[in-house]
Amino acid sequence: MANVRAGPTPVRERTASLTEGALLAALTVLVALLVALFGSLGLVAAPLPLFVLTYRRGVRTAVLSAVVAGLVLSPFFGFPQGLLFVGVFAPVGVVQGVLARRGGEGLAPRAVLWGAVVGLGVTLVSLAVTRFLVGLDPLEAVVEAQVRGAQAAADLSRRLGAPPQQVQQMELLARQMPGLLRTILPAALVLGVTLWSYGSYTLARHVMRRLGTELPGFAPILTWRLPPAGGLVLVGPVLAGAVVQPWLPEVGRTLVANGFMLSVLTFAFFGFLTLLHYLAAREVPKAGRLLAVVAVFLLGDLGTFAMVALGLVDLWFDLRRVGPRAERSP
C-alpha cells in the first residue's frame, strides 16, 4: 500500500508562508526606516520585500505583512501614520509582484506602467490625507524648501562678491520660483513616479535573479522608441490647455506648461538615444560619445532644442530603424 504524505503538506506550506511573511514584514519595517533616513534612494527599495512576498506566496500574505509592518512602525511615526507610510509604497510592490507572478508578454513594460499608475494614485491619496486629515501640505513644504535654497544661493553669491546683475537674476528667480514650481508639479510628479516604478522593478528583477528566478527585462535602451501614438498623447494636454484657457486661464496654463515640459523631456531623451545610436553605429569610442553628451549639455538651451528636434525627426522617420514609422497624413 502506498504511503499517503499529502496531508501535512498544506500545513507546512502555510507555516512556511507565515514564516516568510513575518521575516519580510520585518524587512519592510527596516526598509521603511531607511526611506525615512535616505529619502528617494530608500524609496526605490521600499516595495522590494512585498514584491518578493507577492511573487512567492500570493497577495493575501503580502497584504497581511504590509499591515503588520504598518502596525510595527506606528510607535515610530504614530497611528495611523505608520499604516499610511507603508501604504505609500506597498501597493507598487504588490501590483508588480502580481504581474510578475502571472508572467506573459511584455512583462517589464507592463510592470513599470501599472506600478506607475498605482504609485501615482496612492501618492495623490496620501497627499490628500496628509493635507486634509493630518494638516500638513507636503507640496507646499517642497516649494518653500526650494525657494529658501534659491534665496540662500543668492545671498551666498552676494557675500562672495558676485556681479550685482547676476545676484539680481538669482533673486528674481527665487521670487518667480513658487509659481513656476506649483505649475509644473503635476508633470514632475508623473515623471518621478514613473522613474520610481522603473527603479523598483529593476531592483526586484536583480534580487529575484539572486533567488533563482529570472524575470524578463527591457530591450537595450538604444532600441527604445516612442510609438507614434505616444506623440499624440504628449501633445494632448497642450491642445486641451489651449482650448480651455479662455474660460479657465489657470487650468489652461497648467495643462500647457505640464504638457510642454513632458514633451520636451521625452523628445530630448529620444533625441539623445538617436545621437548615441548614430555614434555607436559609426564605432565612435566611448570617450567620444561621452564628449558628445557633455557638449550637448554645455550648449544649454540650444543643445536641448537640438535633441528635441532630433527626437521628433526620429519619431517621424525612425532614424534608428527600430520600429514602425509614423503614418503620414494625406
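When we follow my numbering, the leftmost residue of the sequence shown carries the number 559, and every step to the right adds one. For each residue, glycine too, the CB sits at the ideal point set by N, CA and C. Computed from a predicted model, the values in this text were never measured in an experiment.
1. State the start and end residues of the unbroken alpha helix (DSSP H) segment that holds residue 736.
2. Since I believe residue 650 is in contact with residue 692 (beta carbons under 8 Å), could you give me their beta-carbon distance rounded to a whole number of angstroms?
3. Whole angstroms are fine: how far does the CA of residue 609 sit from the CA of residue 656?
4. Is DSSP giving residue 713 helix, strand or coil here?
5. So, is residue 781 buried or exposed, given that buried needs 16 or more other C-beta atoms within 10 angstroms?
6. Enumerate in chain order the residues of its own chain whose CB-to-CB distance from residue 666 is below 7 Å, with the five nearest sequence positions on each side excluded.
7. Give a yes or no on whether the C-beta atoms belonging to residue 612 and residue 624 are separated by under 7 Å.
8. Please list, in chain order, all residues of the same chain as residue 565 whose beta carbon is under 7 Å from its beta carbon, the five residues on each side excluded.
9. For a quick check, are the C-beta atoms of residue 869 and residue 829 less than 7 Å apart?
10. Under the rule that 16 or more other beta-carbon atoms within 10 Å means buried, what is residue 879, buried or exposed?
11. Considering just the uninterrupted stretch of the alpha helix (DSSP H) at residue 869, what are its terminal residues?
12. Measuring straight from C-alpha to C-alpha, what distance separates residue 653 and residue 669?
13. Report all residues from its chain with a CB closer than 8 Å to the CB of residue 892; omit the five preceding and five following residues, and keep chain order.
14. Starting from residue 672, follow the alpha helix (DSSP H) in both directions and report where the run begins and ends.
15. What do you reckon, are the CB atoms on residue 812 and residue 877 nearer than 7 Å?
16. Cβ of residue 815 within 7 Å of Cβ of residue 741?
17. Residue 654 lies in the alpha helix (DSSP H); which residues open and close that run?
18. Under the three-state reduction of DSSP, which class applies to residue 795: helix, strand or coil?
19. Could you compute how far the alpha carbon of residue 733 sits from the alpha carbon of residue 705?
20. Relative to the C-alpha of residue 779, which candidate in 866, 834 and 701 has its C-alpha closest?
21. Candidates 783, 663, 738 and 766: which alpha carbon is nearest residue 700's?
22. Between residue 817 and the rest of its own chain, which residues show a CB-CB distance below 6 Å, the 5 nearest in sequence each way excluded?
23. Could you check what DSSP says for residue 837 in three-state terms: helix, strand or coil?
24. Who are the near neighbours of residue 801 in its chain, counting only those whose CB is closer than 8 Å to its CB and skipping five residues on each side?
25. Would residue 630 pass as a contact of residue 684 if the rule is Cβ separation under 7 Å?
So, from the listed chains and residues:
1. 722-768
2. 22 Å between Cβ atoms; not a contact.
3. 8 Å
4. helix
5. exposed
6. 759, 774, 775 and 776
7. no
8. Low local confidence applies: a pLDDT of 43 at residue 565 is under 50, so the model's placement there is unreliable, with the coordinate-based value given in what follows. The answer is none, since no qualifying residue turns up.
9. yes
10. exposed
11. 859-875
12. 8 Å
13. Here the chain comprises residues numbered 559 to 888, so residue 892 is not present and cannot be evaluated.
14. 665-687
15. no
16. yes
17. 639-660
18. helix
19. 8 Å
20. 834
21. 738
22. 795 and 796
23. helix
24. 810
25. no
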